[in-house]
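So the structure is just underneath, and the comments pick up after that.
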Amino acid sequence: MSRTIISIAIAVSLSACSSLGVEPWEKDQLARADMALDSEKLDLALDDHIYFSKEGSSGGRSLAGGGCGCN
Amino acid sequence: MQLKNRSNISKALAIASCSLLGHSAQASANTEKPDDWKVDAAIMYYGEEDRVQAVEAIGNVQKAFGDESLLDMKLVVDSLTGASASGAVAQSETQTFTRPSGNGQYETASGETPLDDTFHDTRVQASANWAETLSPVWKTNVGVNGSKEFDYFSLGLNGGVERSFNKDNTTLALSGAYTFDAIDPVGGRPVAFSSMALRADYDTEEEYRAAFDMTRMAGSEDKKTMDMMLSVTQVLSRRWLFQANYGLSSVSGYMTDPYKILSQVDDTGTTQSYLYENRPDSRLKHSFYMMTKGALDAGVIDFSYRYTTDDWDLNSHTLETHYRYYFSGRFYGQVHLRYYQQQAANFYRPFLMAGDPLPEYASADYRIGDMTTYTLGLKFGQRLSGGHEMSYRLEYYQQNPENSGFDLVGQLQDHDLFPEVKAIIAQVSYSF
Chain A
140 MSRTIISIAI AVSLSACSSL GVEPWEKDQL ARADMALDSE KLDLALDDHI
190 YFSKEGSSGG RSLAGGGCGC N
Chain B
17 MQLKNRSNIS KALAIASCSL LGHSAQASAN TEKPDDWKVD AAIMYYGEED
67 RVQAVEAIGN VQKAFGDESL LDMKLVVDSL TGASASGAVA QSETQTFTRP
117 SGNGQYETAS GETPLDDTFH DTRVQASANW AETLSPVWKT NVGVNGSKEF
167 DYFSLGLNGG VERSFNKDNT TLALSGAYTF DAIDPVGGRP VAFSSMALRA
217 DYDTEEEYRA AFDMTRMAGS EDKKTMDMML SVTQVLSRRW LFQANYGLSS
267 VSGYMTDPYK ILSQVDDTGT TQSYLYENRP DSRLKHSFYM MTKGALDAGV
317 IDFSYRYTTD DWDLNSHTLE THYRYYFSGR FYGQVHLRYY QQQAANFYRP
367 FLMAGDPLPE YASADYRIGD MTTYTLGLKF GQRLSGGHEM SYRLEYYQQN
417 PENSGFDLVG QLQDHDLFPE VKAIIAQVSY SF
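Chains A and B supply the protein sequences, listed in that same order. When you line the first sequence up against our numbering, it's residues 140 to 210, in that order. When you line the second sequence up against our numbering, it's residues 17 to 448, in that order.
If you want it as C-alpha cells, here you go:
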C-alpha cells in the first residue's frame with residue numbers, strides 16, 4: 140500500500156517537474172529588473188560582510204571566500 | 017536593439033514583452049542600451065551600542081560589451097573603530113589587560129564585559145569579474161579580488177560555468193574560488209595558550225618586555241580557502257522562481273583570532289590569568305541554501321532558508337525574507353526580516369578552569385558560541401528621471417549569545433557573561 144502511494148507520489152512529482160517553467164513569451168514578470176537574483180547586490184554584499192564578521196557561519200547564497208580579518 | 021543571430025529568441029521575446037509592460041520596464045528599455053555603463057554606489061554606517069562602529073563605502077561599475085560580455089568592477093573602502101569583546105569574562109573587580117601591541121594597558125570596570133578598545137582599521141577591497149555568454153545555453157565567468165587592511169591581506173580568484181536547459185527555465189551553475197589570506201597581527205602572533213604578560217607583575221620595563229616577547233612569535237601566518245558551489249535555478253511559473261545551492265568550503269591555515277583571549281578562573285570564579293586562544297588550522301564547511309522569489313502585481317517577495325554545518329560542529333539555521341511594495345511607479349517601501357541561530361563550535365569555552373588540563377583548542381569568542389540573532393530592516397526607494405534610483409535603508413540587528421551548558425562557578429554567576437549586542441545599520445544608495 141505504502142509502496143503504491145510512494146510510486147504515485149514520485150510519478151506525480153516527476154510529471155510536475157517536467158511541466159515546470161513557462162514559454163519564452165511568458166517571461167515578462169520574471170524579466171523585471173527587481174526579479175533578478177542580484178537586483179540589490181550592494182545591499183547583499185554589505186549584509187554578507189556584516190554577518191560574516193559577526194556570526195560563526197557564512198556563505199550559502201554565493202561563494203563565502205576568505206578575504207577579511209574583521210572583528 | 018540589435019541581436020546577433022545566435023542570440024536566444026526566447027530572450028529577445030522576453031525583453032520585447034518586458035518593454036511593453038510597466039513603467040520600470042519602459043524606463044529601462046529607454047535608457048539602458050547594451051553598451052551603457054551601470055553604476056551603483058552606497059555608503060553604510062554600522063554602529064553597535066558601546067562597541068564597533070564602521071563606515072563602509074561601496075561602488076560597483078558594470079559595463080556591457082554587446083549582448084555577450086559583461087565587466088563588473090567593485091571597490092569597497094571601510095573604516096572601523098571602537099571596542100570588541102576580548103573573550104575575557106566580567107569580574108567583580110576592575111581588570112587590567114595588556115594591549116595587543118604590548119604597548120600600554122586598558123582597564124575594564126567591575127561587572128563590565130572586557131572590550132579591547134584598541135580596535136581600529138581601514139580596509140580597501142577591489143574586485144573585477146568578467147562574464148561571457150558563449151552560446152544560447154552556456155555562460156562563463158572569471159573574477160579576481162583583493163583586499164588589504166593593516167594586519168591582513170587577501171587575494172582571490174574565482175570562476176564558474178552556467179548551462180541552461182528546458183527553454184531557459186532551468187539553470188545549472190558550478191563555480192569555484194581560491195583565496196589566499198596573509199595575517200600579520202599587531203604585536204606579533206601570540207603563542208597558543210600563553211599567559212598575557214601584565215606590566216604590574218614586573219619591576220622593570222625590560223623584564224616586562226622580555227616576558228611579553230615570550231608570548232609572541234615572529235612572522236606572518238596564512239590561510240587558504242577553496243570554495244565550490246553547485247546551484248540550480250528553476251522557473252516555477254510566470255511569477256515564481258526557485259534556487260537551491262550547495263556550497264563546500266575547505267579552509268586551512270591560521271584561523272585563530274590573535275586578539276582574543278580566555279580567562280582562566282579558580283573555583284570562586286576569580287580570574288587567575290588570561291590565555292591567548294587557539295583554534296584548529298583546518299575547517300570543512302557545507303552550506304545548503306534554498307530561495308524562492310515571486311513577482312507580485314505591486315511588489316516583489318523572497319524567502320530563503322540556509323543550513324550550514326562544519327567539522328567544528330558549528331551548525332546554523334537562517335531564515336530570511338524581503339518584501340517590497342510599490343506605492344507608485346516611482347516609490348517603494350521594503351521590509352527585511354532575518355532570523356539566525358547557531359550552535360557553538362566544539363572548542364568554544366566561555367572560560368577555562370585553572371586546575372584543569374588545557375584543551376587542544378579553545379576560544380571564548382562569543383561569535384562561535386551558541387547564539388541567536390535577529391534583523392529587522394526597512395528600506396525606501398525612489399526612482400528618479402533618467403533611470404536613476406535613490407534608496408535609504410535602516411536596520412536593527414541584535415545578537416543574543418547564550419550559555420550552551422557551562423557551569424558558572426562562584427562570582428561568574430553574578431555577571432552577565434553572555435550580553436546582548438545591539439546594532440543599527442543605516443545606508444544610502446544611488447544607482448544610475
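In this text, a Cβ means the ideal position worked out from N, Cα and C, and glycines have one as well. Remember, predicted model here, so these are calculated numbers, not experimental data.
### Secondary structure of Q427/B, DSSP reduced to three states
helix
### Task
Pair every Cβ in the segment 133 to 150 of chain B with every Cβ in the segment 69 to 89 of chain B, then say whether three or more of these pairs are closer than 8 Å.
yes
### Task
Report the residues of the segment 243 to 264 of chain B with a CB closer than 8 Å to any CB of chain A, ordered along the chain.
Residues of the segment 243 to 264 of chain B with a Cβ closer than 8 Å to any Cβ of chain A, in chain order: D243, M245, T249, Q250, V251, L252, S253, R254, R255, L257, Q259, N261, G263.
#### Entry: M174/A in three-state terms, based on DSSP
helix
### 7 Å Cβ cutoff, D177/A in contact with chain B
no
### Message
I need the boundaries of the alpha helix (DSSP H) containing L183/A, first residue and last residue.
### Response
180 to 193
### Query
From Y61/B to E162/A, what distance separates their C-alpha atoms?
44 Å
### Task
Spell out the partners DSSP gives I74/B in its beta bridges.
A58/B, V92/B
### Query
Does DSSP put W328/B in a helix, in a strand, or in coil?
coil
#### Entry: Collapsed DSSP secondary structure at A208/B in the structure displayed
coil
### Task
Could you work out which residue in A104/B, A73/B, V267/B, V202/B is closest to D94/B when comparing CA atoms only?
With distances taken between Cα atoms, D94/B lies closest to A73/B.
### Task
Look at the Cβ atom of A198/B, then the Cβ atom of F169/B, and state whether they are nearer than 7 Å.
yes
### Query
Taking the DSSP output, what are the residues bridged to M307/B?
DSSP, once it has assigned bridges, lists Q259/B, S320/B as partnering M307/B.
### Task
Closer than 9 Å by beta-carbon distance: list the chain A residues that pair up with Q443/B, in chain order.
L181, D182, L185
### Query
Which two residues bound the contiguous alpha helix (DSSP H) that contains A226/B?
221 to 230
### Message
Cβ closer than 7 Å: which chain A residues qualify as neighbours of K309/B?
### Response
M174
### Task
Kindly give me the distance between the Cβ atoms of G449/B and G118/B, rounded to whole angstroms, as I take these residues to be in contact under 8 Å.
Only positions 17 to 448 of chain B appear in the structure, and residue 449/B is not among them; the question remains open.
### Message
Counting only Cβ pairs nearer than 8 Å, list the residues of chain A close to S303/B.
### Response
S196, G198, G199, A203
### Query
DSSP on Y275/B, reduced to helix/strand/coil?
Here Y275/B sits in coil by DSSP.
### Positions along the segment 68 to 90 of chain B whose CB lies within less than 8 Å of some CB in chain A
V68, E72, I74, N76, K90
### Limits of the beta strand (DSSP E) - the one that F181/B falls within
168 to 181
### Message
Taking the alpha carbon of D318/B as the reference point, which residue from S298/B, Q350/B, S344/B, R346/B has its own alpha carbon closest?
### Response
Nearest C-alpha to D318/B: Q350/B.
### Query
From what residue to what residue does the beta strand (DSSP E) around W154/B run?
154 to 165
### Task
Drop a sphere of 10 angstroms on the beta-carbon of D273/B, count the other beta-carbons inside from all chains shown, and report buried for 16 or more, exposed for fewer.
buried
### Alpha-carbon to alpha-carbon, L169/A and Y275/B
47 Å
### Query
At which residue ranges does the segment 346 to 390 of chain B contain complete beta strand (DSSP E) runs of 3 or more residues, listed in the order of the chain?
Contiguous beta strand (DSSP E) elements confined to the segment 346 to 390 of chain B occur at 347 to 358, taking only those with 3 or more residues.
### Task
Would you mind stating whether N261/B and M245/B have Cβ atoms separated by less than 7 Å?
Judged by beta-carbon spacing, M245/B lies within the 7 Å limit of N261/B, meaning their Cβ atoms are closer than that value.
#### Entry: Rounded separation between E123/B and E178/B - CA only
55 Å
#### Entry: Beta-carbon neighbours of Q415/B, restricted to chain A and to distances below 9 Å
K193, E194
### Task
Please confirm if the segment 308 to 315 of chain B is in contact with the segment 164 to 179 of chain A, defined as three or more CB-CB distances below 8 Å between the two stretches.
yes
### Query
Thinking C-beta only, is G397/B closer than 7 Å to Y348/B?
Annotated as proximal: Y348/B and G397/B, with beta-carbon spacing under 7 Å.
#### Entry: Contact set between D66/B and chain A, taken where Cβ atoms lie within less than 7 Å
Residues of chain A passing the Cβ test: none, with the nearest at roughly 15 Å.
### Task
Grab me the residues of N76/B's own chain with a C-beta within less than 6 Å of its C-beta, minus the 5 sequence neighbours each way, in chain order.
By the criterion of a C-beta distance shorter than 6 Å, N76/B is surrounded in its chain by D56, K90, once the five residues flanking it on both sides are discounted.
### Query
Name the chain A residues that come within less than 7 Å of S191/B, Cβ to Cβ?
L202
### Query
Which ranges would you report for the alpha helix (DSSP H) in the segment 104 to 151 of chain B if only whole runs of at least 4 residues count?
none
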